[in-house]
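S.K.: Could you have a look at this structure, given as structure tokens, before my questions?
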Amino acid sequence: MPKKLAKYTTDGNVIFLSKEKDINKKLSDIIGDKFIKYREKWDKVNNFDLVTDFPLFLHLDLFQVCNYKCPHCNISDFELLNKAYKGKISEKMDFDKYKKIVDEGSEHNCPSIEPQGVNEPLLVKNFEDYCLYAHKKGFIDIMINSNASALNERRAKKLLDSGLTRLRFSLDAFSPETYKKVRVGSLPLKKVVSQIEKFLELKEKGNYKLPVTGVSMCVLKQNQHEVEDFQKFWIDKVDMVTFQSFQPPNAKKDYSNFYPDESIIKKKKNKIKSFKCPQPFQRVVIRNDLITACCNTFSSELTLGKLEDGIYNAWNGKLAKKLRYIHENGMYDLNPTCKICVETTAT
Ligand SMILES: C[S@@+](CC[C@H](N)C(=O)[O-])C[C@H]1O[C@@H](n2cnc3c(N)ncnc32)[C@H](O)[C@@H]1O
Ligand code: SF4
Ligand code: SF4
């Protein structure tokens with residue numbers, strides 16, 4: 014009898030399927046008590062039962078460059094991105110600046126970091142050094158998504174030794190034809206799959222428990238017919254297969270052609286009214302020199318502070334507190350950026 018798959022979601026937007034067990038339970042078994050304690054805090058924060066004095070999660074863009082142009086991704090909309098990032102797209106964060114961010118996080122025992130935003134992280138040649146630095150500084154949950162195009166054997170080995178805890182390869186397709194359509198400018202699917210399989214082989218041969226590794230599909234009208242084949246092909250090979258709901262990158266553009274018609278992941282319109290955003294309670298998102306409140310493309314409109322003034326000060330500043338107050342009390346519409354975000358995307 015085939016084993017039942019664990020199926021769960023943490024935010025309603027990403028559905029995880031896993032053969033063994035919930036990925037956080039798996040990570041708790043591997044990393045131990047400190048991971049369990051961090052996840053307990055994380056759950057409380059997400060339930061609005063706890064406000065920490067420093068974010069539990071640092072999310073940062075090293076730059077905003079990608080070698081692909083997936084039409085559903087905001088990186089394909091140059092104008093949008095340029096406006097959102099105030100003309101500073103592709104300005105790479107240097108290692109010293111990154112170190113300062115990690116050092117401050119480390120001083121406050123911050124447990125988790127994602128040094129990847131709207132970009133392809135492996136295009137940063139020494140990306141693994143960024144992960145390793147966070148690992149050495151005590152971060153226990155280090156995660157990224159990658160399109161796996163730059164994943165050769167050398168990079169795979171370096172990644173395995175980098176302290177990374179979660180790694181998701183985004184494929185968005187099962188067939189080469191669909192892959193070409195949804196991952197515009199990509200390498201052939203066959204090549205990318207073989208690179209991922211090589212990574213998995215090295216991981217197994219080297220007895221690496223980490224990173225827990227998955228593949229993901231952002232479910233779109235263009236690929237919805239491949240959901241089942243995708244799951245079947247990957248479920249025995251990786252720790253998790255994830256399906257992500259499509260979030261329109263630009264509220265002013267018509268993305269109706271991208272929504273899957275079947276509600277594989279359904280937009281819960283009736284939930285919009287009571288929506289409370291957990292992001293201002295979980296994280297800061299650092300883009301260029303700004304500390305912002307969330308991963309919304311226009312998060313610079315929710316700037317909590319400048320990097321030079323420190324994360325602690327931004328997190329405990331006026332706007333951060335106000336944002337937490339309005340979300341805790343179900344009043345997202347008091348903030349114009351949140352209003353647009355919630356009513357067009359964040360459900
Ligand atoms: C923005 S990418 C950055 C990392 C890397 N380049 C990759 O593709 O994995 C991170 C994830 O967001 C997903 N994504 C892109 N556009 C999206 C959208 N409009 N709605 C939901 N997810 C999206 C991608 O499929 C990918 O899994
Ligand atoms: S590979 Fe990732 S960052 Fe690049 S365009 Fe596609 S989804 Fe966006
Ligand atoms: S803009 Fe969206 S993601 Fe950001 S805090 Fe507001 S509701 Fe949350």
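Residue numbers for the sequence shown follow the numbering used here, so the first one is 14 and each next one is one higher. Ideal placement from N, C-alpha and C gives every residue a C-beta, glycine not left out.
Between which two residues does the beta strand (DSSP E) containing residue 158 stretch?
M.R.: Looking at the DSSP string, the run of the beta strand (DSSP E) that includes residue 158 is 154 to 159.
S.K.: May I ask you to report which of helix, strand or coil DSSP gives residue 336?
M.R.: Helix at residue 336.
S.K.: Is residue 292 close to ligand 3? I mean its beta-carbon at under 8 Å from any heavy atom of the ligand.
M.R.: Yes, since a heavy atom of ligand 3 falls inside the 8 Å radius drawn around the Cβ of residue 292.
S.K.: Hey, residue 224 and residue 177: beta-carbon distance below 9 Å or not?
M.R.: Yes, they are a contact pair.
S.K.: Run through the region 250 to 276 for me and flag every whole beta strand (DSSP E) of 3 or more residues, listed as ranges in chain order.
M.R.: Listed in chain order, the complete beta strand (DSSP E) runs (minimum 3 residues) inside the region 250 to 276 are 253 to 258.
S.K.: For ligand 1, I want to know if residue 92 counts as a neighbour, meaning its beta carbon is within less than 8 Å of at least one of the ligand's heavy atoms.
M.R.: No; taking the cut-off as 8 Å, the Cβ of residue 92 has no heavy atom of ligand 1 nearer than that.
S.K.: Counting only the same chain and skipping the five closest in sequence on each side, list residues whose C-beta sits under 8 Å from that of residue 14.
M.R.: Residue placement at residue 14 is poorly supported in this model, since its pLDDT is 44, which falls under 50; the coordinates are not used for a value here.
S.K.: What are the boundary residues of the alpha helix (DSSP H) that includes residue 350?
M.R.: Element bounds for residue 350: 349 to 357.
S.K.: DSSP beta-bridge partners for residue 127?
M.R.: Beta-bridge pairing links residue 127 to 72.
S.K.: Give me the Cα-Cα distance between residue 100 and residue 106, rounded to the nearest whole angstrom.
M.R.: Distance between the alpha carbons of residue 100 and residue 106 is about 15 Å.
S.K.: Need the endpoints of the beta strand (DSSP E) that residue 304 sits in, please.
M.R.: Looking at the DSSP string, the run of the beta strand (DSSP E) that includes residue 304 is 303 to 305.
S.K.: Helix, strand or coil, according to DSSP, for residue 28 in the structure here?
M.R.: Residue 28 falls in the strand class under three-state DSSP.
S.K.: In this structure, does DSSP put residue 162 in helix, strand or coil?
M.R.: Here residue 162 sits in coil by DSSP.
S.K.: How big is the Cα-Cα spacing for residue 168 and residue 199?
M.R.: If you take the alpha carbons of residue 168 and residue 199, they lie about 18 Å apart.
S.K.: Examine chain D for any beta-carbon lying closer than 9 Å to the beta-carbon of residue 96, and answer yes or no.
M.R.: Among the protein chains of the structure shown there is no chain D, as only one such chain exists.
S.K.: From the DSSP output, read off the bridge partner residues of residue 317.
M.R.: Bridge partners of residue 317: none, in fact.
S.K.: Measure the alpha-carbon distance for residue 243 versus residue 54 and round it to whole angstroms.
M.R.: Cα-Cα distance, rounded: 34 Å.
S.K.: Where does residue 279 sit, in a helix, a strand or coil, going by DSSP?
M.R.: Only weak support exists for where residue 279 lies, its pLDDT of 49 falling under 50; the coordinates are left without a value.
S.K.: Are the beta-carbon atoms belonging to residue 274 and residue 237 less than 9 Å from one another?
M.R.: Taking 9 Å as the Cβ cut-off, residue 274 and residue 237 qualify as a contacting pair.
S.K.: In the structure shown, what three-state DSSP assignment does residue 228 receive?
M.R.: Strand at residue 228.
S.K.: Whose C-beta lies closer than 6 Å to the C-beta of residue 158 among residues of the same chain, with five residues either side of it excluded?
M.R.: Correct list, in chain order: 181 and 183.
S.K.: Which whole-angstrom value is the C-beta distance of residue 85 and residue 296, which I expect to be below 8 Å?
M.R.: In fact, because the Cβ distance is near 23 Å, the residues do not count as touching under 8 Å.
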